Amino acid sequence: MEEKKLDRNSIVGFIIIAGLLIWMMLNNINKEQESIKQDAEVAKKEVVAKTEADRIETAITEHVQSDSLPNESLRAALGHFAYSATLPSAQGGNTELKSDLLSLVVENKGGYLSKVEVLDQKRFSKTSNEIVELIKDNNSNLNLELHTTDNRVFNTKDLYFEPELTKEGENQVLSMRLKASESQFLEYRYVLKPGDYMLDFSIRSQGLSKIVDLNKTPQLNWELKSFRNEKSISYENRYTRLYYEYEDGKDNDLNPTSGSSEKIVNNVSYVAYKQHFFTSILLTDKKFTKADLVAKNLVNDEKIDTVFTKEFVAKLPMEFTNGELNYDMNWFFGPSDYKVLKSYDRNLDNIVPLGWGIFGWLNRFLFIPVFGVLSSFLPYGIAIIVLTVLVRLLISPLTYKSYLSQAKMKAIRPEVNELNEKYKNDPMKKQQETMNLYSKAGVNPMAGCVPALLQIPIFYALFQFFPSAFDLRQKSFLWADDLSSYDSILHLPFSIPFYGDHVSLFPLLASIAIFVYMKMTTGDQQMAAPTQEGMPDMGKLMKIMIYISPIMMLFFFNNYASGLSLYYFISNSITIGIMYVIKNYIVKEEKIKAIIEDNKTKKRPKGKFQRKMQEMMEQAQEQQRLKEQQNKKK
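In my numbering, the protein residues as written are 2 to 635.
Structure below.
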């Protein structure tokens, strides 16, 4: 046998493949080296920043212990801001502001909020009623990075501000000044107003144009780790996300289910760190030209109790105006309540996830106002039941039309079976005759689908409404201690995948109601739905769905808000009652058959759908005839 030799093309091919492999390996090595280099640079910067912060702190401590005039080490450590360390505030301390709704603590070091309590709200706790704390124990930080003319970078979180607390009418005003001299300073100004979750906040400078480098952009960094405040970790984490408004009214969010998400956006007017039912928002009148936003998921295992749910970071470059900083802003610390957020008329209600398009409109203009009226004079559980009754009454005409269509299809089922048997060898003719039968009988096979489709917007809107309804938070009904979280009647000693470690009763009742409803209707649907060749047996599918749907409901809603499960239980129970009345007292089989027979005697114009279907079948029939003629010629 002749030995096979490599030809020139094979050799060239091998060289190209080898070259590609080598290039890919070198490229990966370069990427790894670049990644290592970047990580090393970040680590180096962190070490340098920590070293610089330690050096500043040491110099201030030594100065405070020795004299009141700036010494050499202090000047070397703080440069232009050495004067700030000579003031009494450099010894530490903080200032507290308190209203009927908020309690704030502002640190001298850094001038930022170290504690924020929402006084009129309690967090979920198994042991006691604790006040909701959005900021505490260093879970949040605000830092302004300044570049000075002597080529140094200062972080305001490492420097000491001088506080001055005054009153303007009923408002408490706290001025925090980082001083280079008495006439040169950077100021954070907080204004706390009674009866308001929103406080004024401004950043401005005076006389710093000769100290800071105007060619280098100061960067405001705001970081926060969101505390867990609700009963269900998984439920709270699902609705905890970073929202932002940009480009004159557009809004979006970051919601990593694992790992982290990053986004760079332009012309940002607010950044909101939203937890399930509480939110921290930084708003600005003068838009940030760019924002580097990061959201990181901190819940690795939802079965393990946790302190934090997500970590948020916003890097916001600021601009000088005539050599100075001048930004009028606001902080909002309070409930993610649609009515409260909407009252500020700054598009803050967009952070409440009510759904997009028609779903959001239904919630904003129908369900929120109606539920607000009902809950103003009824207990919240009863208000949900009354809302459910009103919704079912609203869509009862659709339920009636859907069942009427099913009843008509069931009535002509024997005739459809006869056509199936008569034209079993001619599928095209069978389809044509079936459509003619539907037309004569006045039956539209799609009529049962349209009412069901029209109910989808209502279903989805309410699915969005209940998890977002702040009014349901910590409101009890029957055995449920919190309608905004799951209702647990039994705690399991183990966890079932996708189900959890507890048994919720409302989802169980809702699942039973779905099972009963499907048992009532599936028999009629099976009788009404003709089986076509090449199509799956709908009867068998419906029988399977009778058992799958309730199980899916049980697993899916076990960890959801009990208010939502209560709605579905009542809704399905009412639907069962409506269907029973329609079936036994309104739409009777003999009456339906009489209507169909009467329709057959009348000349009825074909509907648009039927005409279109007939045209398609005639075209298909003509194509089949031409194809058969061509086969005969061959």
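Even for Gly, the Cβ is constructed at its ideal location relative to N, Cα and C.
From a predicted model like this one, the values you see are computed outputs, not experimental measurements.
First and last residue of the uninterrupted beta strand (DSSP E) at residue i
{"i": "glutamine 207", "result": "199 to 207"}
{"i": "proline 398", "result": "That residue, proline 398, is in no beta strand (DSSP E); its alpha helix (DSSP H) goes 381 to 412."}
{"i": "tyrosine 637", "result": "Only positions 2 to 635 of the chain appear in this structure, which leaves residue 637 out of reach."}
{"i": "lysine 287", "result": "279 to 298"}
{"i": "glycine 373", "result": "Note, glycine 373: premise wrong, no beta strand (DSSP E); alpha helix (DSSP H) at 369 to 376."}
{"i": "tryptophan 332", "result": "327 to 336"}
{"i": "tryptophan 223", "result": "220 to 228"}
{"i": "phenylalanine 155", "result": "154 to 156"}
{"i": "valine 341", "result": "Segment 339 to 343 is the alpha helix (DSSP H) holding valine 341; no beta strand (DSSP E) there."}
{"i": "phenylalanine 186", "result": "185 to 193"}
{"i": "isoleucine 265", "result": "261 to 275"}
{"i": "phenylalanine 495", "result": "489 to 497"}
Own chain, CB closer than 6 Å to residue i, minus 5 neighbours either side, in chain order
{"i": "asparagine 140", "result": "Lys226"}
{"i": "glycine 564", "result": "Ile385, Phe467, Leu473 and Leu484"}
{"i": "asparagine 268", "result": "Tyr247, Glu248 and Lys288"}
{"i": "tyrosine 113", "result": "Leu143"}
Spatial distance of residue i from residue j (CA atoms)
{"i": "phenylalanine 499", "j": "isoleucine 579", "result": "33 Å"}
{"i": "valine 417", "j": "glutamine 433", "result": "12 Å"}
{"i": "leucine 215", "j": "leucine 484", "result": "54 Å"}
{"i": "glutamine 122", "j": "isoleucine 583", "result": "47 Å"}
{"i": "tyrosine 1", "j": "threonine 218", "result": "Since the first and last residues shown for the chain are 2 and 635, residue 1 lies out of range."}
{"i": "leucine 342", "j": "isoleucine 545", "result": "46 Å"}
{"i": "threonine 389", "j": "isoleucine 571", "result": "7 Å"}
{"i": "serine 259", "j": "asparagine 298", "result": "5 Å"}
{"i": "lysine 316", "j": "lysine 291", "result": "9 Å"}
{"i": "valine 504", "j": "leucine 391", "result": "29 Å"}
{"i": "glutamate 169", "j": "serine 512", "result": "58 Å"}
{"i": "tyrosine 568", "j": "asparagine 559", "result": "14 Å"}
{"i": "isoleucine 515", "j": "phenylalanine 460", "result": "14 Å"}
{"i": "phenylalanine 334", "j": "leucine 105", "result": "10 Å"}
{"i": "threonine 285", "j": "tyrosine 561", "result": "35 Å"}
{"i": "serine 376", "j": "aspartate 502", "result": "32 Å"}
{"i": "asparagine 301", "j": "isoleucine 234", "result": "11 Å"}
{"i": "methionine 188", "j": "phenylalanine 360", "result": "Here the sequence assigns glutamate to residue 188, which means methionine is not the residue at that position. Going by the C-alpha atoms only, they are around 45 Å apart."}
{"i": "arginine 153", "j": "isoleucine 212", "result": "11 Å"}
{"i": "leucine 455", "j": "leucine 200", "result": "44 Å"}
{"i": "glutamine 136", "j": "leucine 147", "result": "A small correction: the amino acid at residue 136 is isoleucine; glutamine does not occupy that position in the sequence shown. Spanning the two alpha carbons is a distance of roughly 25 Å."}
{"i": "glutamate 237", "j": "phenylalanine 279", "result": "10 Å"}
{"i": "aspartate 254", "j": "aspartate 293", "result": "13 Å"}
{"i": "glycine 358", "j": "leucine 367", "result": "14 Å"}
{"i": "tyrosine 650", "j": "tyrosine 581", "result": "With the chain represented from 2 up to 635, any question about residue 650 goes unanswered, as that position is not in the structure."}
{"i": "leucine 166", "j": "lysine 99", "result": "12 Å"}
Where residue i falls, given that 16 or more other Cβ within 10 Å makes a residue buried
{"i": "phenylalanine 495", "result": "exposed"}
{"i": "serine 489", "result": "buried"}
{"i": "aspartate 350", "result": "buried"}
{"i": "glutamine 173", "result": "buried"}
{"i": "aspartate 655", "result": "The requested residue 655 is not part of the displayed model; the chain covers only 2 to 635."}
{"i": "glycine 250", "result": "exposed"}
{"i": "tryptophan 1", "result": "Residue 1 falls outside the range modelled here, since the chain spans only 2 to 635, and no answer is possible."}
{"i": "glycine 111", "result": "buried"}
{"i": "isoleucine 282", "result": "buried"}
{"i": "serine 344", "result": "exposed"}
Option nearest residue i by Cα separation, candidates the options
{"i": "alanine 481", "options": "Ser572, Gln173, Pro508 and Ile459", "result": "Pro508"}
{"i": "phenylalanine 125", "options": "His277, Ser184, Leu102 and Val106", "result": "His277"}
{"i": "glutamate 108", "options": "Glu118, Lys99 and Asn95", "result": "Asn95"}
{"i": "serine 270", "options": "Glu183, Lys264, Pro257 and Lys288", "result": "Lys288"}
{"i": "glutamate 422", "options": "Met410, Thr435 and Lys411", "result": "Thr435"}
{"i": "alanine 462", "options": "Pro551, Val371 and Leu363", "result": "Leu363"}
{"i": "serine 1", "options": "Asp201, Phe202, Ile575 and Phe186", "result": "Past the edges of the chain, shown from 2 to 635, lies residue 1, and the structure says nothing about it."}
{"i": "leucine 355", "options": "Ile234, Tyr240 and Phe556", "result": "Tyr240"}
{"i": "phenylalanine 556", "options": "Met519, Leu510 and Asn573", "result": "Leu510"}
{"i": "lysine 1", "options": "Gly80, Ser100, Asp138 and Tyr345", "result": "Since the first residue shown for the chain is 2 and the last is 635, residue 1 is missing from the structure and cannot be characterised."}
{"i": "asparagine 222", "options": "Asn256, Val133, Pro318 and Arg242", "result": "Pro318"}
{"i": "alanine 181", "options": "Arg190, Tyr191, Ala273 and Glu163", "result": "Glu163"}
{"i": "glutamate 118", "options": "Lys110, Gly111, Glu131 and Gly112", "result": "Glu131"}
{"i": "valine 295", "options": "Arg178, Ser261 and Met410", "result": "Ser261"}
{"i": "aspartate 329", "options": "Met519, Ser176, Phe202 and Glu134", "result": "Phe202"}
{"i": "phenylalanine 186", "options": "Glu171, Ser403 and Met177", "result": "Met177"}
{"i": "asparagine 327", "options": "Ser210, Gly93, Asn573 and Ala408", "result": "Ser210"}
Residue range of the unbroken alpha helix (DSSP H) whose run includes residue i
{"i": "tyrosine 236", "result": "234 to 239"}
{"i": "phenylalanine 309", "result": "From DSSP, phenylalanine 309 is part of no alpha helix (DSSP H) but of the beta strand (DSSP E) over 309 to 318."}
{"i": "phenylalanine 478", "result": "Counting along the chain, phenylalanine 478 falls outside any alpha helix (DSSP H), and DSSP gives it neither H nor E."}
{"i": "glycine 361", "result": "359 to 363"}
Residues near residue i in its chain [Cβ-Cβ closer than 7 Å; skip 5 each side]
{"i": "aspartate 338", "result": "Phe471"}
{"i": "valine 517", "result": "Ile577"}
Close beta carbons around residue i, own chain, < 8 Å, minus the five adjacent residues each side
{"i": "phenylalanine 82", "result": "Phe155, Leu160, Leu179, Lys180 and Ala181"}
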